[in-house]
Amino acid sequence: MWAQRELQLSGRSRGFHVVTGEIVDALPELGGLEVGLLHVFIRHTSASLTLNENASAAVLRDFRSWFDEAVPEEAPYWTHRDEGSDDMPAHVKSSLLGSSLFAPIAQGRLALGTWQGIYLCEHRDGAGPRTVMLTVWGEERQGG
Amino acid sequence: MWAQRELQLSGRSRGFHVVTGEIVDALPELGGLEVGLLHVFIRHTSASLTLNENASAAVLRDFRSWFDEAVPEEAPYWTHRDEGSDDMPAHVKSSLLGSSLFAPIAQGRLALGTWQGIYLCEHRDGAGPRTVMLTVWGEERQGG
Amino acid sequence: MWAQRELQLSGRSRGFHVVTGEIVDALPELGGLEVGLLHVFIRHTSASLTLNENASAAVLRDFRSWFDEAVPEEAPYWTHRDEGSDDMPAHVKSSLLGSSLFAPIAQGRLALGTWQGIYLCEHRDGAGPRTVMLTVWGEERQGG
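Written out as structure tokens, the structure is:
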């Protein structure tokens, strides 16, 4: 069984945002899978996805701080500056975190750890909505 | 064909540890697949997975050194400090390396490169066992 | 439907190189899939894969600059030095970017964003060809 859906995530401020609920809500097919996988794919090069701690606003804030420090806007080595000083750092941050995120599916649910949530990592200031493509596939549940 | 198994990896010291053998040993189903994929998923937010060089203890040690230097414990920007000074760096390191790892399966075996091994990346001091979920799926081998 | 192919990418200079075309050309099976996924896997520990901006040579150059700055060759903490000063940084860069890359397949094509291209990330000087394993799987298109 395969299902594929495009989902628009509304524009967020620069930083890290938990979007697990939005993604699960967009996937009624999840409940029908005994075993399978979810692939979340972001179709952009200045925003990315990761799994991390889902309960603390301080963690989200500290993620932003570390990435802003590690990939600074005003570094002398940037040559791609046409699209603003946040653009090239956004590309690097995106690749560090990645455009694909996976979660196993077991008995009709995402088999995430207790503290794991899906982050939308927005690396631009003033970004618009972000498109993600959700793909689930696996073995269907029997009977019931 | 699908198979899914939960595996507990025993508690390790902070650092990088090759666990390829433990993972392969937990998957008797591997041998039955002509072509497919393995997904290893870690259900934690302060430990992660990667593939890298499997033959040198110095490489493992240098991995730890780089990550400790790049994501320092005593940085002024951390605000999430309740769970110890190694906690917030552990979250960032985990997302840099990721919670999902994949290897192609070909003719009943993991199609890794000669030097590739699966690392458990433990970012906490004094961590307990870590749970990984192994999912394999693909086309079964014929006959024989 | 499953297909798996090994592809040799010719040796490149150290840096970031767009290889989307070479990968798509090696996969005639793509056109036959209604919905599915592509997995690109690099069988090396000193080169890696990522998706990022496909239109600007400056972006590729700046990627190299950031990685060379963030994972410096002459750091005092490296102990694995036998294979040259670019070797250990190449291992770390490889794990930061990862050995696996995915793209969803929809209606016979890679469902990449407009600006997304597949990068071969070559972290060694004077590297030879790099082997990638391409796996595609999914539901076949009907009729036609």
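Protein chains in written order, with my numbering: chain D, 873 to 1016; chain G, 873 to 1016; chain V, 873 to 1016. All C-beta atoms in this analysis are idealised placements derived from N, C-alpha and C, irrespective of residue type, glycine included. Quick caveat, the model's predicted, so the values are computed rather than measured.
In this structure aspartate 997(V) is not in contact with tryptophan 950(D), their Cβ atoms being roughly 23 angstroms apart against a cut-off of 8 angstroms. Three or more beta-carbon pairs separated by less than 8 angstroms are not found between the region 936–954 of chain V and the region 983–1002 of chain G, which leaves the two stretches without contact. Rounded to the nearest whole angstrom, the C-alpha separation of alanine 978(G) and leucine 899(G) is 14 angstroms.
Chain G has a Cβ within less than 8 angstroms of the Cβ of serine 928(D). Taking a C-beta distance under 8 angstroms as the contact criterion, alanine 919(D) and cysteine 993(D) qualify as a contact pair.
Not one beta carbon of chain D lies nearer than 8 angstroms to the beta carbon of tryptophan 874(V). Counting along the chain, tryptophan 1009(V) sits inside the beta strand (DSSP E) bounded by residues 1002–1012. Valine 931(V) is not a Cβ neighbour of valine 964(V), given a cutoff of 8 angstroms. Under the 8 angstroms criterion on CB atoms, alanine 978(G) is classed as interfacial with respect to chain V. Under the DSSP definition of a beta bridge, proline 900(G) lacks any partner. When only Cα atoms are considered, glutamine 876(D) and serine 972(V) end up about 21 angstroms apart. Looking from the CA of alanine 962(D), the closest CA among Val896(D), Arg936(D) and Phe974(D) belongs to Arg936(D).
Leaving aside the five residues that flank methionine 873(V) on each side, the residues in its chain whose CB is nearer than 6 angstroms to its CB run, in chain order, Glu1012. Of the other Cβ atoms in all chains shown, fewer than 16 fall within 10 Å of the Cβ of glutamate 941(V); this residue is therefore exposed.
Where alanine 962(G) is concerned, the enclosing alpha helix (DSSP H) starts and stops at 959–969.
Per DSSP, reduced to three states, the secondary structure at valine 943(V) is coil, with no helix or strand assignment. Glutamate 878(G) is positioned such that its CB atom lies no closer than 8 angstroms to that of methionine 960(G).
C-alpha of valine 896(V) to C-alpha of threonine 1007(G): approximately 27 angstroms in a straight line. Taking 8 angstroms as the cut-off, the beta carbon of tryptophan 987(G) is found closer than this to the beta carbon of alanine 927(G). Close to alanine 898(G), with beta-carbon spacing below 8 angstroms, lies no residue of chain D; the smallest spacing is near 15 angstroms.
A Cβ-Cβ separation of about 14 angstroms leaves glycine 989(G) out of contact with leucine 881(G) under the 8 angstroms criterion. Assignment of beta-bridge partners to phenylalanine 888(V) by DSSP yields Cys993(V). Each residue's CA atom was taken as its position, placing leucine 984(G) and valine 891(V) some 21 angstroms apart.
Under a criterion of Cβ atoms nearer than 8 angstroms, no residue of chain G is adjacent to tryptophan 938(V); the nearest Cβ is some 12 angstroms distant. The Cβ of glycine 970(D) sits closer than 8 angstroms to at least one Cβ of chain V. Neighbours of histidine 995(V) across chain G, judged by C-beta separation under 7 angstroms, do not exist; the nearest C-beta is about 12 angstroms away. Taking a C-beta distance under 8 angstroms as the contact criterion, leucine 921(V) and proline 976(V) do not qualify as a contact pair.
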